[in-house]
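Top to bottom, those sequences are chains A and B.
Okay, so the first sequence: first residue is 12 according to the numbering used here, each after it adds one.
Okay, so the second sequence: first residue is 200 according to the numbering used here, each after it adds one.
Backbone N, C-alpha and C define an ideal beta-carbon position, used for all residues, glycine too.
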Amino acid sequence: MKKAFTGLAAALVLGTVGTTLHNAPAHAQVLEAAVAGSPAGLDPHIVTAFTSTQIVGGTIYEGLTTIDKNLLVAPALAESWTVSEDSKTYTFKLVSGATFHDGAPVEAADVVASLNRVMSADIASPLASRLAAVEMAEAVDASTVKVTLKEPSAPFLTALASIAIVPRQFETDKEGLQNAPMGTGPFKFEEWQPNGFIALAKHEGYWNAGLPKLDGVKFNIIPESATRQVGLISGQYGMLPNIDAATALQLRGQPNVAIAETLELAYTLIGMNVSKPPFDNPKVREALNYALNRDEIVQAALFGAGVPGGPLSPALTEWAVDVAEFSCFAHSVDKAKALLAEAGVTEPIKFTLLVLPRQDIRDIAQVVQAQLNNAGFEVELNIPEIGQFVQDWRNSNFDAFASINSGSIEPDDYFYRTFRTGGSTNVFKYSNAELDGLLDNGRVALELADRQAIYNDAQKVLACGGPVAFLTYGQLFTATRDTVKGYEIMPNRSLMTLTTTEFGQ
Amino acid sequence: MRLLRTRLIELVVVLFGISIITFLMIRLIPGDAVAIMLGANTEVTPERVAELRASLGLDKPILVQYVDWLAGAMTGDLGVSIWTRRPVIEEIGAHVWPTVQLTVFALVLGAGLALPLGVLMARLRGQGWDVVLQIGSVAGLTIPSFWLGIMMILALTVLAPGVQMLGYVPFSEDPLGNLARLLLPSIALALPILANLARLTRSAMLDALQQDYIRTARAKGVSERSILFKHALRNALIPFVTSVGIMAGYLLGGAIVIEQVFAIPGLGRLILGAIAERNYPLVQATILVVTVAFVLINFVVDLLYAIIDPRVRH
């Protein structure tokens with residue numbers, strides 16, 4: 012009897028294995044993705060950490076505008092808009108047939124409520140500064156919204172892409188969306204098992220008819236990189252979105268695995284505190300640039316998957332200045348030492364480099380350390396825990412730091428807050444009247460050609476004399492099972508092309 | 200009854216002490232929830248940060264925060280998660296079962312196999328097999344379970360591609376899927392326990408077998424089997440049970456690593472995530488729950504002594 016029972020148990024266990032294998036295709040229309048980080052809430056206006064935005068942006072939520080595959084502003088919930096003569100009034104026409112996931116139609120009142128929600132002090136949204144130019148938003152009729160600006164704002168339409176439209180009843184509700192997000196996007200929220208998964212299901216009433224193609228997407232939260240890789244190889248997961256070169260190289264060549272890649276907007280950098288020695292001296296900052304060998308960094312720390320880059324990503328073909336135009340990007344130890352001599356500082360220049368605790372940044376920091384020590388600096392690395400890093404970074408409590416910034420498709424979006432005197436993320440305490448003037452003009456100039464000229468100048472000011480030594484732009488990868496079709500990797504890490512993703516042969 | 204009363208008093212004292220320590224420790228780590236929430240790259244003004252801090256109650260002095268928390272805890276309200284705004288009790292409830300299952304499976308597997316294996320090793324002492332088992336047990340003790348876990352995942356990927364072995368499904372939803380997914384992590388978690396307990400059983404058995412009462416039993420003609428299992432093993436059980444009790448506590452710690460490797464949403468992941476996110480109420484409550492479990496397990500072990508060793512009852 013006992014033996015029979017053991018046999019039965021074994022058969023059951025083996026049977027499970029068999030059926031799991033057999034059942035796999037039955038789940039085929041739900042894409043199982045594996046991501047590393049657990050989101051800290053799903054309210055698109057409150058939590059702006061990447062672990063959250065990658066899951067909800069473009070899937071559950073949409074803005075009036077969107078950023079398309081070519082990194083240009085495109086219509087989304089607003090099918091069209093007109094701009095007044097003085098560039099201060101925008102009138103948006105909402106797309107017809109759009110509904111929230113509860114079935115309610117999307118009306119102008121919802122758009123107004125969403126914009127007000129972001130701007131409200133009570134909600135304390137970190138996105139509020141993106142709408143700093145907005146004077147007021149009002150509903151003209153059910154499908155027309157009029158937004159009045161305090162002054163003309165070139166980046167306004169880009170900024171709107173990052174402002175999710177939520178149902179009006181959440182205007183003053185701080186908590187409702189954290190657990191149960193509700194938007195207008197192609198996928199609706201289904202279930203969140205903390206530390207387990209977030210399941211999204213197809214939004215049947217999606218305004219863009221015929222989309223999405225998948226029945227659902229399940230984001231499995233898998234903290235361990237080796238586990239994610241094995242899960243993809245074994246077929247348990249269909250997609251590992253936005254992975255780094257080290258992981259991608261290990262997956263390349265595995266059977267039934269496809270790898271997509273693109274140059275990303277995020278850049279690695281050495282940020283310098285210009286409010287105290289040694290980096291208060293522009294010559295020392297320039298010397299540091301000469302001392303760096305960016306090609307070597309790409310080879311040694313990014314496995315060759317990346318390019319040296321200046322203030323803007325080469326992916327932004329309309330904006331980025333070729334790095335060949337920046338004299339200090341040509342590696343030269345002699346030039347670095349000559350500049351240090353000119354600056355009248357005694358070698359070696361000792362400083363501590365605060366390092367973001369992430370593997371790729373650690374690798375880069377070590378290469379940078381070796382290069383700088385070779386050219387008159389003496390660098391000590393300090394790799395704290397993430398909370399400590401963020402605190403020191405925010406309080407400008409560093410000589411210099413090594414980190415990665417996400418970048419933006421709109422130059423104003425990060426130049427202004429990062430480099431303008433008093434900017435909200437100007438942790439370097441950098442202040443340059445010439446640059447401030449350029450950045451102010453860049454906001455109000457509306458013609459593309461004018462703006463390009465302005466930001467060309469800004470890039471040249473920043474590249475060699477600014478508070479940041481721009482290092483590299485990495486390749487970004489997404490690994491999928493080769494049956495996953497129609498997904499396109501985006502340089503800004505958005506997963507919005509899940510809308511057109513499907514399973515094929 | 201008196202045992203129960205002293206234990207309860209002990210539990211309250213321990214819980215009080217732990218609550219103060221965790222409350223201070225988590226707040227001593229630099230960087231708070233707001234900084235993590237915003238990430239390092241969003242445009243925020245100090246005023247916004249201050250507003251957010253105030254809305255989470257983080258702007259009050261630590262002592263006031265502690266008293267507020269304690270007052271809530273007394274009435275059974277352990278607070279809400281900073282992030283999801285759900286009661287922390289609910290969050291813990293959602294994470295407790297995978298860990299309990301994993302712990303129990305590993306304990307049953309480890310302790311269940313350790314006993315016969317230890318007896319066997321004591322019986323085979325000095326022979327070739329004893330040496331092999333000894334080497335095996337040292338290996339079991341020293342191989343880190345996270346490494347073993349990853350190796351097992353890799354091996355199974357090659358041997359049985361397509362098997363769903365990562366993550367967790369509740370038993371009520373898919374009993375077989377649940378067991379299949381817990382098999383590998385349980386083995387990885389059980390191995391060090393098995394090795395440890397087997398060695399312990401072996402030495403306790405060897406010790407017992409040299410006692411006078413064994414010689415007496417042999418002299419009066421008791422069968423070898425009866426000597427081994429009735430006389431020697433019963434005495435060897437006391438250190439064994441003590442160790443099992445302690446290990447149940449350590450298993451909760453080992454589960455943190457294994458849950459990470461096998462992507463199981465258990466208490467270990469919950470605590471780790473909560474610490475990383477500075478989710479103070481959640482860390483606080485989870486550690487309290489684990490402490491209670493630890494104390495209760497030790498209480499059960501004390502009761503077991505009384506069953507095994509009649510002398511304790513008096």
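| query | result |
| --- | --- |
| Just the chain A side, please: which residues come within less than 9 Å of Thr400(B) by C-beta, in chain order? | What Thr400(B) touches in chain A: nothing, since even the nearest Cβ is about 24 Å away. |
| What three-state label does DSSP hand Asp501(B) in the structure shown? | helix |
| One question on the structure: do Met320(B) and Arg433(B) come within less than 7 Å of each other, judged by their Cβ atoms? | no |
| Exposed or buried, Tyr412(B), counting other C-beta atoms within 10 Å across all chains shown (16 or more means buried)? | exposed |
| According to the neighbour-count rule (16 or more other Cβ atoms, all chains shown, within 10 Å of its Cβ), is Arg201(B) buried or exposed? | exposed |
| Leaving aside the five residues before and after Thr302(B) along the sequence, list all residues of the same chain whose C-beta is less than 7 Å from its C-beta, in chain order. | Ala447, Leu450, Leu451 and Ala454 |
| Evaluate the contact criterion for the region 420-435 of chain A versus the region 380-397 of chain A: three or more CB pairs, one atom per stretch, below 8 Å. | no |
| Which one or two residues does DSSP pair with Pro3(A) in a beta bridge? | Limits of chain A in this structure are 12 at one end and 516 at the other, which puts residue 3(A) out of reach. |
| So what does DSSP say about Met404(B), is it helix, strand or coil? | helix |
| Mind checking whether Ala89(A) and Phe111(A) have CB atoms under 7 Å apart? | no |
| If we count Cβ pairs, one from each stretch, closer than 8 Å, do we get three or more for the region 456-467 of chain A versus the region 239-246 of chain A? | no |
| Quick one: what does DSSP say Asn385(A) is sitting in, helix, strand or coil? | coil |
| Whole angstroms is fine: what's the gap from Asp184(A)'s alpha carbon to Phe314(A)'s? | 46 Å |
| To which residues of the same chain is Pro36(A) closer than 6 Å at the C-beta, ignoring the five residues directly before and after it? | Summary for Pro36(A): the model assigns pLDDT 44, below 50, so the residue's position carries little reliability, and this model does not support an answer. |
| Could you pull out every residue in the same chain whose Cβ sits closer than 8 Å to the Cβ of Ala15(A), ignoring the five residues on either side in sequence? | Low local confidence applies: a pLDDT of 40 at Ala15(A) is under 50, so the model's placement there is unreliable, with the coordinate-based value given in what follows. There are no such residues. |
| Just to confirm my understanding: we take Leu251(A), look at its own chain, exclude 5 residues before and 5 after, and list those with CB closer than 6 Å. What are they? | Ala45, Arg239, Leu243 and Ala490 |
| Over the uninterrupted alpha helix (DSSP H) stretch that includes Phe430(A), give me the two end residues. | Pro422 to Phe430 |
| At a CB-CB cut-off below 9 Å, which residues of chain B make contact with Thr238(A)? | Gly348, Ile349, Ile352, Leu365, Gln459, Val460, Phe461 and Ala462 |
| Please compile the residues from chain B whose C-beta is within a distance smaller than 7 Å of the C-beta of Ile244(A). | Thr356 |
| Is Asp371(A) buried or exposed, if buried means 16 or more other CB atoms sit within 10 Å of its CB? | buried |
| Leu75(A) to Gly418(A), Cα distance in whole Å? | 21 Å |
| When the Cα atoms are used, what is the spatial distance from Val368(B) to Thr283(B)? | 22 Å |
| Can you confirm whether the region 472-479 of chain A touches the region 435-452 of chain A when touching is taken to mean that 3 or more C-beta pairs between the two stretches lie within less than 8 Å? | yes |
| Starting from Phe215(B) and walking both ways along the alpha helix (DSSP H), at which residues does that stretch end? | Arg201 to Leu227 |
| Is there a Cβ of chain A sitting closer than 7 Å to that of Trp282(B), yes or no? | yes |
| Going by C-alpha to C-alpha distance, which of Leu482(A), Phe481(A), Thr494(A) and Glu499(A) sits closest to Phe488(A)? | Glu499(A) |
| In terms of residues, what are the limits of the alpha helix (DSSP H) holding Lys348(A)? | Val344 to Ala354 |
| Would you call Phe428(B) buried or exposed, if buried means 16 or more other Cβ atoms sit within 10 Å of its Cβ? | exposed |
| Grab me the residues of Tyr72(A)'s own chain with a C-beta within less than 8 Å of its C-beta, minus the 5 sequence neighbours each way, in chain order. | Pro55, Ala175, Ile176, Val177, Pro192, Gly194, Thr195 and Gly196 |
| Quick one: measure Cβ to Cβ for Leu280(A) and Pro325(A), integer angstroms, because I've assumed they're closer than 8 Å. | Not confirmed; about 15 Å, so no contact. |
| How many angstroms separate the CA atom of Leu503(B) from the CA atom of Trp328(B)? | 32 Å |
| Spatial neighbours of Gly465(B) within its chain, please: C-beta separation below 7 Å, excluding the five flanking residues on both sides. | His294, Pro297, Thr298, Leu301, Ala454 and Glu458 |
| What separation, rounded to the nearest whole angstrom, lies between the Cα atoms of Leu255(B) and Ala85(A)? | 37 Å |
| Alpha carbon to alpha carbon, what distance is there between Ala341(A) and Thr341(B)? | 51 Å |
| Assuming Val58(A) and Ala51(A) make a contact with CB atoms under 8 Å, what is their CB distance in whole Å? | 5 Å |
| Based on the DSSP secondary-structure assignment, which residues constitute the bridge partners of Val228(A)? | Leu42(A) and Leu211(A) |
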